[in-house]
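Presented below is the structure to which this report refers.
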Amino acid sequence: MNKFKTKFAGIAAASLLSVGASMSMAADTIKVGVLHSLSGTMAISETTLKDTMLMLIDEQNKKGGLLGKQLEAVVVDPASNWPLFAEKARELIEKEKVSSVFGCWTSVSRKSVLPVFEELNSLLFYPVQYEGEESSKNVFYTGAAPNTQAIPAVDYLMDEIGAKRWVLAGTDYVYPRTTNKILEAYLIAKGVAKEDIMINYTPFGHSDWQSIVSDIKKFGSAGKKTAVVSTINGDANVPFYKELGNQGISAENIPVVAFSVGEEELAGLDTGPLVGHLAAWNYFMSVEDEANDEFIEAWQAFIKDEDRVTNDPMEATYIGFNMWIKAVEAAGTTDPTAVQEALIGVAVPNLTGGLSTMMPNHHITKPVLIGEIQDDGQFEIVSQTAGLVPGDAWSDFLPGSKDVISDWRAPLSCGNYNVKTGKCSGQNYE
Amino acid sequence: MTHYLSKVMLFACLLFSQLFTQAAWANSADDYSSGLEQINSSKLKQVALGVDLLIRSGHPEAEYLLNAMLESKLYRHKKQNRLVMLLGKDGSKFTIADLNDSSNQETLSKRKVKRIPLNNTLRGKIKVYLAGKSLNSESGDVRKAAAQKLLEDLGDDELALFKTRLNLETNPDVIYILESGIALDKLANGEAYEKDQAIKFLSDSLQPAVRNALTTIIESGSDELKPAAKKALAKIEDKVEFYGFLEKLFFGLSLGSVLVLAAIGLAITFGVMGCINMAHGELIMIGAYTTYVIQLLMPNSIGMSLIVSVPAAFLVSGLVGIAIERGIIQFLKGRPLETLLATFGVSLVLQQLVRSIFSPLNRSVETPEWMSGALEINPIFAITYNRLYIIFFCLAVFALLFFVLRKTVLGLQVRAVSQNRNMARAMGVKSEWVDALTFGLGSGVAGVAGVALSQLTNVGPNLGQSYIIDSFMVVVFGGVGNLWGTLVAGMSLGVANKMLEPMSGAVLAKIIVLIFIILFIQKKPRGLFPQKGRAAED
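So the protein lines, in turn, are chains X and H.
Using the numbering used here, read the first sequence as starting at 14 and increasing by one per residue.
Using the numbering used here, read the second sequence as starting at 121 and increasing by one per residue.
In structure tokens, the structure reads:
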């Protein structure tokens, strides 16, 4: 009995001690929220970004942390469930009191958390290419907007490859539909006839591509150079490319440029039949730059796998994180309002040898690279914009958003200002 | 005197021609060596210049070099700044050799060398050049492919090649392509009577280039030619439509066979045992992952590993199925709602298990050589091999299953238990044992379906989810408890889907098929082939 008592007392003391320790830890750390799906459909893409954040936070802590404090990652799993994203975001901000959140992948998850961030006035860094037509005071978009990915890719196909007929193929949801609307308007403005554009949508996870690929083949055999612009998302790409290969469509006949296929997607794929098809991103693992080599090395060491690849959303996460660090240092506090102001104009090195800057519309400047898929799953860079392109929140090619600009600096402080009517519809756009 | 003079002339001529060929030879060798210098670079523009020079040189070695570039075997040693040939890869170690001396080998880190870059334009150029070379190959198939390649990209050089080859060619298929090319040229540049003849000749051809040429004539050619061109084009369009229909039918059957494969295991567990198994999709997924693991174990014989995977996946999925049956389902007999919930839980557990073991990323299952590519019947109709094999595979699995259920003791007992459990037990059938084996059989077949699906789609944790709804749809539509119903339902849903797709788009086609099934089930709740007899009345 006595023995039991002492044991119990020991346990109680130890647990008290550990509680005390964790409390004192909590007071000395700055919490960073990581809001990426670790289960469900999107886990395939988002898990990597969670690991990237853990690596970046780890590295920052080794460098002495931020404002003299250590950073602490708070990882939650919204499980690819869009309403759960909003709940988890609220949990991170209200309960965990994180000073900023890095997360989301799909546009629908971002739209789901947006009201939460605006209500609680916190910061979200969104690292994935998206369809634009949005600019929130609380969100910083470090991925590509259509003008920093889709438009330059179409220009490349038009000018360098000489494409005259266009297939716009996408998965049936908001990003492809908006991007294709912008691209269609852009192509028609460039003088492409309506009958030379074929638009096709397929459901999520579509796996039987026979008819569509055969249609593309027929569409492309009309004597004019044909190119496919693919906004096909996620898993559906593998069977799509397999079918292209099997039906004998090679990149020299009908090149496919994709906006959602990166190194990570190719890692699950036999790339032999895909050689020569294209992708447009702001970063490729094959970029020859010292910062990139260091990043790759650090990543492979952190994840303990020499074959792991890096990709564009990882670079966007890297840029966003460094921008936040720099802005917090400049503001001297993690208070969201102060950091929001400090973030505009912050410039940090990206991994392609340039300096990316946060613009007043909360989008950043990036180079646009076009790469051809090689048989080792890497990209050969065949074209690169001369300088950095600033992301445009509101497309110039859509009638609704042509006259709208975004500028979060005082005195305008508006994400949706119509220059014609002189009105700001505030946060309630759309 | 004249004799003497002519001799001098002859000598002069000889000397001159000698000099001339030597100069040409020197030129070619120059082109070759400066081409070699240019491609020793990591800059695409410079490589492009080098490739042009190599092609112009016509040097015997150029073909070998360009081929190596196409196969991404030509590398540059970064430090020594020289071209090397890649012999083999082993993880991050590359084995390379000298260009001219393959015995002088070296193994080094892959970061030390860089592949000579290529882009689509260059690849296209090299392919056309190599096609020109292989137009004189020994094999008829190679010549045919080369002629086809050149026909797509017909210019003056290619035409000259066609004309010289036509004099030597013996293979009728190749002759036809060569003549088509020459006729196409006449159609564009020939005299009026030549154009007329060319149209007549080409009206049998299904080449896209021919259709385009005829369309151009109808749009902007001379008036005398238009009627003939229109007639020829109409004749071609008829054929195109016919083959288009055949193609759609084939697509439909292949989609149908995938549906049948995915559903047939369910037809046994759901149809015969009456147990709703929401984890059926995950059993398919386990089969696909088994294929992946077997392929990892046999990296050097991809084709063989696929064949080994079929029994292996059957065993693995079957055992998992038996475990599910023994561990969960047997305690929930006669409580379909609880079974549904419990198996749904199992499906989530299995998915997360796979995520933890294999990572959430998709795994790549390689396709063996004999399953990639297409059987080309004519220029507008080709049947892809992977789909063709899967149709046959589906029929084979169906026949085998049919045989097991109809002609074996197990099959007899399964049918007996499913028709009247109590009576069967009274006759001495161990119903528990039969339940477990039936469930194992259905699960094993799901695993076999996974092997086939690994060749068509992603092998990832979500593989099963995308097939579970379709599987239930097929089984319910076909009539619960009837294998024939599953076959007919799967095939007809596949064909209907593919016939609708060109008209309505993929999204709408799926919706229309679903609405049709809902209406159909309203009218005939027991599906296409309802079970007859007293057993069905319960």
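Beta carbons: idealized from backbone N, C-alpha and C, even for Gly.
- Listed along chain X, the residues sitting closer than 8 Å to H:T504 by beta-carbon distance are Q223, E256, N259 and Q260.
- Contact check for X:N363 against X:I316 fails: the beta carbons are separated by 8 Å or more.
- At a Cβ-Cβ threshold of 8 Å, H:S591 and H:A383 count as neighbours.
- Taking 8 Å as the threshold, the shortest C-beta distance from H:E621 to chain X falls below it.
- Chain order gives the chain X residues near H:S212 as E319 and D320, where near means a beta carbon separation below 9 Å.
- Rounded to the nearest whole angstrom, the C-alpha separation of X:L69 and H:R243 is 40 Å.
- Counting only unbroken stretches of 3 or more residues, the beta strand (DSSP E) elements lying wholly within the stretch 256 to 299 of chain X are 269 to 271 and 291 to 294, in sequence order.
- Within the same chain, G275, E276 and E277 come within 6 Å of X:N324 by CB-CB distance, once the 5 residues on both sides are set aside.
- Think of a sphere of 7 Å around the beta carbon of H:Q472: the chain X residues whose beta carbon falls inside it are S52, in chain order.
- Contact between X:T161 and X:G366 is absent: CB atoms are separated by about 17 Å, not below the 8 Å threshold.
- The Cβ atoms of X:A102 and X:F130 lie closer than 8 Å to each other.
- In the structure shown, the three-state DSSP call for X:S408 is coil.
- According to the DSSP assignment, X:V141 belongs to no beta strand (DSSP E), since it is labelled neither H nor E.
- For the stretch 257 to 273 of chain H, the beta-carbon criterion of a distance under 8 Å to any beta-carbon of chain X is satisfied by E272.
- Residue range R178 to T184 is occupied by the beta strand (DSSP E) that includes X:W179.
- In the three-state reduction of the DSSP assignment, X:L84 falls in the strand class, which pools E and B.
- The continuous beta strand (DSSP E) containing X:L382 extends over residues L382 to I386.
- Excluding residues up to 5 positions away in sequence, L242 lie with their Cβ nearer than 6 Å to the Cβ of H:V171 in the same chain.
- CA-to-CA, the gap between X:P349 and X:I383 works out to about 36 Å.
- Of the other Cβ atoms in all chains shown, 16 or more fall within 10 Å of the Cβ of H:V537; this residue is therefore buried.
- Per DSSP, reduced to three states, the secondary structure at X:T365 is coil, with no helix or strand assignment.
- Residues of chain H with a Cβ closer than 7 Å to the Cβ of X:T60 are, in chain order, P480.
- In the structure shown, X:K44 adopts extended strand secondary structure according to DSSP, grouped into three states.
- Under the three-pair Cβ rule at 8 Å, the stretch 220 to 228 of chain X counts as touching the stretch 364 to 383 of chain H.
- In the three-state reduction of the DSSP assignment, X:D318 falls in the coil class, being assigned neither a helical nor a strand state.
- Straight-line spacing of the CA atoms in X:I267 and X:F232 works out to 10 Å.
- Judged by pairs of C-beta atoms under 8 Å, the stretch 218 to 231 of chain H does not touch the stretch 368 to 388 of chain X, as fewer than three such pairs exist.
- If you check the CB distance, H:S192 and H:R231 do not come in under 8 Å.
- Excluding its 5 nearest sequence neighbours in each direction, H:G401 has C-beta neighbours in its own chain below 6 Å: G584, Q585, Y587 and I588, listed in chain order.
- Taking all protein chains in view, the Cβ of H:S476 is surrounded by fewer than 16 other Cβ atoms within 10 Å, so the residue is classified as exposed.
- Bounds of the beta strand (DSSP E) holding X:T244 are T239 to T244.
- Identification of residues in the stretch 526 to 544 of chain H having a C-beta nearer than 8 Å to some C-beta of chain X yields an empty set.
- Interface residue (Cβ-Cβ distance to chain H less than 8 Å): X:P91 is not classified as such.
- Taking the beta carbon of X:V395 as reference, the chain H residues within 7 Å of it are L164 and N239, listed in sequence order.
- Between H:S323 and chain X, the shortest Cβ-Cβ separation is not below 8 Å.
- Less than 8 Å divides the Cβ of H:D151 from the Cβ of H:R176.
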